[in-house]
Amino acid sequence: MSDGPAIEQILYISTVAPNEKIDLGSILTAARRHNRANNITGLLMFNGKRFLQVLEGPADAIGATFDRISRDSRHRGQVLLARKAIERREFGDWSMGFKDKTDQDNAALYDTICAKVADVHPSLRAELTAFARQI
Ligand SMILES: Cc1cc2nc3c(=O)[nH]c(=O)nc-3n(C[C@H](O)[C@H](O)[C@H](O)COP(=O)(O)O)c2cc1C
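Numbering-wise (UniProt numbering), the sequence shown opens with residue 1 and increments by one.
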C-alpha cells in the first residue's frame, strides 16, 4: 500500500535561446513562487549556456510545470534525461535551489548530480558531469 501520492522526479537539460540575456533572479523568483504553490522542489544549475534542472513533486504538478517551462522562450532544446517515481524528495528543502560558483556545498552537489545521471548515455553523462564540475 502506498503512503501517499507518488512523488515524481524529472531531470532535464536545455540551452539558452540565441541572443537571450538571462536574468536568473526573475526566473528564480517566478519558479519559487509557482513551486511553493504546487508542492514542487528541486535544483536549477546554469553554466552560462545550459540549464540543468531537477524537479520533484506530485506527478500531475510536475507534468504541468514542465509543460510551462518547456514553452518558455528563454531556453530551447529541452531534453528530458530522467523521469522516475521516488520515495522521498532529494531537494525537499528547496522550492528551487540554485547553485553557482560561490556555493560551499560543491562537492556534495557534484556527487548528487553524478548519481542522478548514472543511467544516461555515456557521452551525455560525460557532458553532464563536466557541467556539474564547472559550477
Ligand atoms: C531554465 C528555467 C527554469 C524554470 N524553472 C521553473 C520552475 O521550476 N517552476 C516554475 O514554475 N517556473 C519555472 N520557470 C519559469 C516558467 O517557464 C515561467 O516563466 C513561469 O512559471 C511563469 O510565471 P509567471 O507567469 O508567474 O510570471 C523556469 C524558466 C526557465 C527558463
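By construction, the Cβ of each residue, glycine as well, lies at the ideal position given by its N, Cα and C atoms. Given the structure is predicted, the values throughout are model-derived calculations rather than measurements.
Please tell me whether, using a cut-off of 8 Å, the distance from the CB of residue i to the nearest non-hydrogen atom of ligand 1 is below it.
i       : result
Leu-44  : yes
Ile-113 : no
Phe-91  : no
Ser-14  : yes
Phe-51  : yes
Ala-59  : no
Arg-83  : no
Ile-7   : no
Using a 10 Å radius around the Cβ and a threshold of 16 neighbouring Cβ atoms, would you call residue i buried or exposed?
i           : result
residue 137 : Examination of residue 137 is not possible in this model, given that the chain is present from 1 through 135 alone.
Ala-31      : buried
Ala-130     : exposed
Ser-2       : Residue confidence is low: Ser-2 scores 49 on pLDDT, short of 50, so the model does not pin down where it sits. No coordinate-derived value is stated.
Leu-24      : exposed
Lys-49      : exposed
Ala-118     : exposed
Quick one: Cα of residue i to Cα of residue j, how far?
i       : j       : result
Ser-70  : Ala-108 : 28 Å
Leu-55  : Ala-17  : 21 Å
Phe-51  : Ser-14  : 5 Å
Ser-123 : Leu-28  : 29 Å
Leu-44  : Trp-94  : 10 Å
Return the chain-ordered ranges of every beta strand (DSSP E) run that is complete within the UniProt domain "BLUF" (7-97) and spans a minimum of 3 residues.
-> The UniProt domain "BLUF" (7-97) is shown to contain whole beta strand (DSSP E) runs of 3 or more residues at 7-16, 41-46, 50-58 and 75-86, in chain order.
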